[in-house]
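Notes follow once the structure below has been shown.
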Amino acid sequence: MSDKKPVVSIKQQFKDLSEKIGLTEQLEPMVEKYQAMEDDQKKLAKAGVCLAALGLYLFFVLSPQWNHLNEIRKKTGQTKGAIEQAVRDQQLEPQTLNVKSETLARLARMNSRALTEDMLPGYLNNLSKLAKNSGVSIESLKPIDASKINEIEGAELPAGYKFGGYELIGKADYHSMGRFVSGIENNSLFTGIRNFEIFHDSASSAGSHLLKLTFVVMMHSDENAVK
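Its first residue numbered 4, the sequence shown is counted upward by one per residue in the working numbering.
What follows is the structure, encoded as C-alpha coordinates:
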(Lines of atoms letter the chains of each structure in order from A; the text may use other names.)
(Lines give C-alpha, C1' and ligand atoms only; values in the text may rest on other atoms or scores of the structure.)
Protein backbone atom coordinates (compact mmCIF):
# COMPACT_ATOMS: atom_id res chain seq x y z
CA MET A 4 0.00 0.00 0.00
CA SER A 5 1.41 3.40 -1.01
CA ASP A 6 2.16 6.04 1.70
CA LYS A 7 1.72 8.92 -0.73
CA LYS A 8 -0.82 11.51 0.29
CA PRO A 9 -3.73 12.07 -2.12
CA VAL A 10 -3.23 15.00 -4.47
CA VAL A 11 -5.49 17.90 -3.57
CA SER A 12 -6.76 19.79 -6.55
CA ILE A 13 -6.04 23.47 -6.99
CA LYS A 14 -9.74 24.12 -6.69
CA GLN A 15 -9.88 22.37 -3.36
CA GLN A 16 -6.78 24.26 -2.15
CA PHE A 17 -8.39 27.56 -3.05
CA LYS A 18 -11.59 26.47 -1.35
CA ASP A 19 -9.81 25.48 1.85
CA LEU A 20 -7.80 28.70 1.89
CA SER A 21 -10.85 30.84 1.21
CA GLU A 22 -12.75 29.18 4.06
CA LYS A 23 -9.87 29.81 6.47
CA ILE A 24 -9.61 33.49 5.70
CA GLY A 25 -13.33 34.06 5.05
CA LEU A 26 -13.05 34.92 1.37
CA THR A 27 -15.03 32.06 -0.15
CA GLU A 28 -17.31 34.22 -2.26
CA GLN A 29 -14.42 36.28 -3.62
CA LEU A 30 -12.16 33.33 -4.50
CA GLU A 31 -14.66 30.94 -6.10
CA PRO A 32 -15.00 33.04 -9.31
CA MET A 33 -11.22 33.11 -9.50
CA VAL A 34 -11.14 29.31 -9.36
CA GLU A 35 -13.65 29.09 -12.20
CA LYS A 36 -11.51 31.39 -14.32
CA TYR A 37 -8.46 29.29 -13.49
CA GLN A 38 -10.12 26.13 -14.77
CA ALA A 39 -10.79 27.84 -18.09
CA MET A 40 -7.19 28.98 -18.56
CA GLU A 41 -4.62 27.51 -20.96
CA ASP A 42 -1.68 25.55 -19.54
CA ASP A 43 0.76 28.48 -19.76
CA GLN A 44 -1.75 30.74 -18.09
CA LYS A 45 -2.31 28.15 -15.39
CA LYS A 46 1.42 28.05 -14.67
CA LEU A 47 1.46 31.80 -14.23
CA ALA A 48 -1.63 31.59 -12.07
CA LYS A 49 -0.03 28.90 -9.93
CA ALA A 50 3.00 31.12 -9.45
CA GLY A 51 0.73 33.97 -8.43
CA VAL A 52 -1.14 31.72 -6.04
CA CYS A 53 2.14 30.58 -4.49
CA LEU A 54 3.23 34.16 -3.98
CA ALA A 55 -0.14 35.04 -2.51
CA ALA A 56 -0.02 32.01 -0.24
CA LEU A 57 3.49 32.96 0.84
CA GLY A 58 2.31 36.46 1.64
CA LEU A 59 -0.62 35.14 3.63
CA TYR A 60 1.68 32.74 5.47
CA LEU A 61 4.05 35.55 6.36
CA PHE A 62 1.17 37.76 7.49
CA PHE A 63 -0.88 35.25 9.46
CA VAL A 64 1.82 32.89 10.76
CA LEU A 65 5.27 34.47 10.90
CA SER A 66 4.23 38.03 11.70
CA PRO A 67 2.61 37.11 15.07
CA GLN A 68 5.66 35.02 15.90
CA TRP A 69 7.97 37.95 15.14
CA ASN A 70 5.84 40.18 17.34
CA HIS A 71 6.01 37.56 20.07
CA LEU A 72 9.79 37.38 19.73
CA ASN A 73 10.00 41.17 19.98
CA GLU A 74 7.94 41.05 23.17
CA ILE A 75 10.25 38.38 24.55
CA ARG A 76 13.30 40.49 23.66
CA LYS A 77 11.71 43.49 25.35
CA LYS A 78 10.89 41.56 28.52
CA THR A 79 14.34 39.99 28.49
CA GLY A 80 15.89 43.44 28.29
CA GLN A 81 13.74 44.63 31.19
CA THR A 82 14.66 41.58 33.25
CA LYS A 83 18.34 42.08 32.46
CA GLY A 84 18.07 45.71 33.56
CA ALA A 85 16.35 44.67 36.79
CA ILE A 86 19.07 42.11 37.49
CA GLU A 87 21.83 44.65 36.84
CA GLN A 88 20.10 47.13 39.16
CA ALA A 89 19.77 44.46 41.85
CA VAL A 90 23.49 43.73 41.53
CA ARG A 91 24.28 47.43 41.92
CA ASP A 92 21.98 47.65 44.95
CA GLN A 93 23.63 44.59 46.45
CA GLN A 94 27.04 46.20 45.99
CA LEU A 95 25.80 49.37 47.72
CA GLU A 96 24.09 47.51 50.57
CA PRO A 97 27.22 47.07 52.74
CA GLN A 98 27.85 50.81 52.57
CA THR A 99 24.24 51.50 53.57
CA LEU A 100 24.49 49.01 56.42
CA ASN A 101 27.72 50.66 57.60
CA VAL A 102 26.00 54.06 57.71
CA LYS A 103 23.08 52.59 59.67
CA SER A 104 25.45 50.80 62.04
CA GLU A 105 27.44 53.98 62.65
CA THR A 106 24.23 55.92 63.31
CA LEU A 107 22.98 53.31 65.79
CA ALA A 108 26.38 53.22 67.49
CA ARG A 109 26.37 57.01 67.79
CA LEU A 110 22.88 56.98 69.32
CA ALA A 111 23.96 54.25 71.72
CA ARG A 112 26.96 56.34 72.81
CA MET A 113 24.71 59.35 73.28
CA ASN A 114 22.29 57.30 75.32
CA SER A 115 25.07 56.01 77.57
CA ARG A 116 26.19 59.60 78.20
CA ALA A 117 22.72 61.03 78.80
CA LEU A 118 20.76 61.60 81.99
CA THR A 119 17.04 61.64 82.68
CA GLU A 120 15.39 64.08 85.05
CA ASP A 121 14.94 61.45 87.74
CA MET A 122 18.65 60.60 87.54
CA LEU A 123 19.79 64.13 88.43
CA PRO A 124 19.72 63.73 92.25
CA GLY A 125 21.88 60.62 92.04
CA TYR A 126 24.14 62.34 89.53
CA LEU A 127 24.75 65.32 91.82
CA ASN A 128 25.30 63.00 94.77
CA ASN A 129 27.93 61.07 92.80
CA LEU A 130 29.55 64.35 91.82
CA SER A 131 29.85 65.33 95.48
CA LYS A 132 31.36 61.93 96.33
CA LEU A 133 33.83 62.27 93.45
CA ALA A 134 34.89 65.70 94.71
CA LYS A 135 35.32 64.43 98.28
CA ASN A 136 37.31 61.37 97.19
CA SER A 137 39.51 63.60 95.02
CA GLY A 138 40.22 66.01 97.90
CA VAL A 139 38.07 68.87 96.57
CA SER A 140 35.82 70.85 98.90
CA ILE A 141 32.71 72.08 97.06
CA GLU A 142 31.79 75.65 97.98
CA SER A 143 28.81 75.98 95.61
CA LEU A 144 27.08 74.06 92.81
CA LYS A 145 24.32 75.68 90.78
CA PRO A 146 22.64 75.07 87.42
CA ILE A 147 23.36 77.33 84.47
CA ASP A 148 20.63 79.16 82.57
CA ALA A 149 19.57 77.33 79.40
CA SER A 150 20.43 80.27 77.13
CA LYS A 151 23.99 80.33 78.46
CA ILE A 152 24.30 76.58 77.94
CA ASN A 153 23.47 77.00 74.25
CA GLU A 154 26.17 79.67 73.97
CA ILE A 155 28.68 77.42 75.72
CA GLU A 156 27.92 74.20 73.86
CA GLY A 157 27.06 75.56 70.42
CA ALA A 158 25.80 72.19 69.17
CA GLU A 159 22.46 70.69 68.20
CA LEU A 160 21.15 67.42 69.57
CA PRO A 161 18.61 64.98 68.09
CA ALA A 162 14.97 65.33 69.11
CA GLY A 163 14.38 64.20 72.69
CA TYR A 164 17.81 65.30 73.93
CA LYS A 165 18.94 68.52 75.59
CA PHE A 166 21.92 69.96 77.43
CA GLY A 167 22.00 70.71 81.13
CA GLY A 168 24.81 72.75 82.64
CA TYR A 169 26.32 73.42 86.07
CA GLU A 170 28.83 75.79 87.60
CA LEU A 171 30.91 74.43 90.45
CA ILE A 172 33.20 76.37 92.79
CA GLY A 173 35.47 74.46 95.12
CA LYS A 174 38.81 74.51 96.94
CA ALA A 175 41.70 72.10 96.44
CA ASP A 176 45.38 71.80 95.67
CA TYR A 177 46.56 71.17 92.14
CA HIS A 178 46.81 67.40 92.50
CA SER A 179 43.30 67.13 93.92
CA MET A 180 41.96 69.34 91.13
CA GLY A 181 43.58 67.06 88.55
CA ARG A 182 42.00 63.95 90.06
CA PHE A 183 38.60 65.61 90.19
CA VAL A 184 38.71 66.89 86.60
CA SER A 185 39.94 63.52 85.34
CA GLY A 186 37.11 61.77 87.20
CA ILE A 187 34.53 64.02 85.55
CA GLU A 188 35.93 63.49 82.06
CA ASN A 189 36.08 59.73 82.51
CA ASN A 190 32.53 59.43 83.83
CA SER A 191 30.27 58.35 80.92
CA LEU A 192 27.33 60.33 82.32
CA PHE A 193 29.16 63.62 81.99
CA THR A 194 29.42 65.33 78.64
CA GLY A 195 32.52 67.17 79.73
CA ILE A 196 34.05 70.28 81.13
CA ARG A 197 33.65 73.43 79.06
CA ASN A 198 35.47 75.95 81.26
CA PHE A 199 38.17 75.51 83.89
CA GLU A 200 39.56 78.37 86.01
CA ILE A 201 41.88 78.50 89.05
CA PHE A 202 42.09 81.50 91.38
CA HIS A 203 44.56 82.17 94.16
CA ASP A 204 42.79 82.72 97.47
CA SER A 205 44.92 84.32 100.15
CA ALA A 206 42.40 83.23 102.78
CA SER A 207 42.80 79.58 101.87
CA SER A 208 45.34 77.30 103.49
CA ALA A 209 48.76 76.93 101.91
CA GLY A 210 48.66 75.09 98.57
CA SER A 211 44.87 75.40 98.32
CA HIS A 212 43.25 77.33 95.47
CA LEU A 213 39.79 78.24 94.29
CA LEU A 214 38.51 76.11 91.42
CA LYS A 215 35.69 77.16 89.07
CA LEU A 216 34.31 74.53 86.69
CA THR A 217 31.63 74.93 84.04
CA PHE A 218 30.43 71.64 82.60
CA VAL A 219 27.45 70.35 80.67
CA VAL A 220 25.57 67.07 80.74
CA MET A 221 23.40 65.58 78.04
CA MET A 222 19.86 64.75 79.08
CA HIS A 223 16.81 63.07 77.57
CA SER A 224 13.32 62.11 78.62
CA ASP A 225 12.64 58.46 79.47
CA GLU A 226 10.27 57.96 76.52
CA ASN A 227 12.93 59.17 74.06
CA ALA A 228 15.80 57.18 75.52
CA VAL A 229 17.49 54.76 73.14
CA LYS A 230 16.92 51.23 74.41
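From the three backbone atoms N, C-alpha and C, an ideal C-beta is built for every residue, glycine too.
Original post:
For N190, which three-state DSSP category applies?
Top reply: Note: N190 maps to coil in three-state DSSP.
Original post:
Which one of G167, N128, F183, H212 has the shortest CA to CA distance from L118?
Top reply: G167
**OP:** Can you check DSSP and say which residues form a bridge with G167?
**Re:** V220
Original post:
If you draw a straight line from the alpha carbon of V219 to that of E200, how long is it in whole angstroms?
Top reply: The C-alpha of E200 is placed about 15 Å away from the C-alpha of V219.
**OP:** Within 10 angstroms of the Cβ of N136, are there 16 or more other Cβ atoms? Answer buried if so, exposed if not.
**Re:** exposed
Subject >> Spatial distance of D176 from S140 (CA atoms) >> reply: 10 Å
Subject >> Of the listed residues E120, L213, G125, nearest to S179 (C-alpha basis) >> reply: L213
Original post:
What does a CB cutoff of less than 8 Å around G195 pick up in its chain, not counting 5 residues either side in sequence?
Top reply: I187, E188, F218, V219
Subject >> Collapsed DSSP secondary structure at P161 in the structure displayed >> reply: Shown here, P161 sits in coil according to DSSP, grouped into three states, outside any helix or strand.
Original post:
Hey, out of K165, I147, P161, E120, whose CA is closest to N198's CA?
Top reply: I147
**OP:** Please determine, among G138, E170, S150, the residue with the shortest C-alpha to C-alpha distance to G210.
**Re:** For the options G138, E170, S150, the alpha carbon positioned closest to that of G210 is the one of G138.
Original post:
Alpha carbon to alpha carbon, how far is M221 from K77?
Top reply: 58 Å
**OP:** Would you give the residue range spanned by the beta strand (DSSP E) that S137 belongs to?
**Re:** Taken as a continuous stretch (DSSP letters only), S137 belongs to no beta strand (DSSP E), being part of the alpha helix (DSSP H) at 123-137.
Original post:
So what's S143 in DSSP terms, helix, strand or just coil?
Top reply: strand
Original post:
For L144 versus I172, is the C-beta distance shorter than 9 Å?
Top reply: Closer than 9 Å, so yes.
Original post:
Start and end of the beta strand (DSSP E) containing E200?
Top reply: 195-203
Subject >> Where F183 falls, given that 16 or more other Cβ within 10 Å makes a residue buried >> reply: F183 should be labelled buried.
**OP:** Could you name the residues of the same chain whose beta carbon sits closer than 6 Å to that of L130, not counting the 5 residues immediately before and after it, in chain order?
**Re:** none
**OP:** Tell me, please, which residues DSSP counts as bridged to I77.
**Re:** It should be noted that the sequence gives Lys, not Ile, for residue 77. Beta-bridge pairing links K77 to no other residue.
Subject >> Selection from G181, G163, I152 that minimises the alpha carbon distance to H223 >> reply: Taking only the C-alpha atoms, the option nearest H223 is G163.
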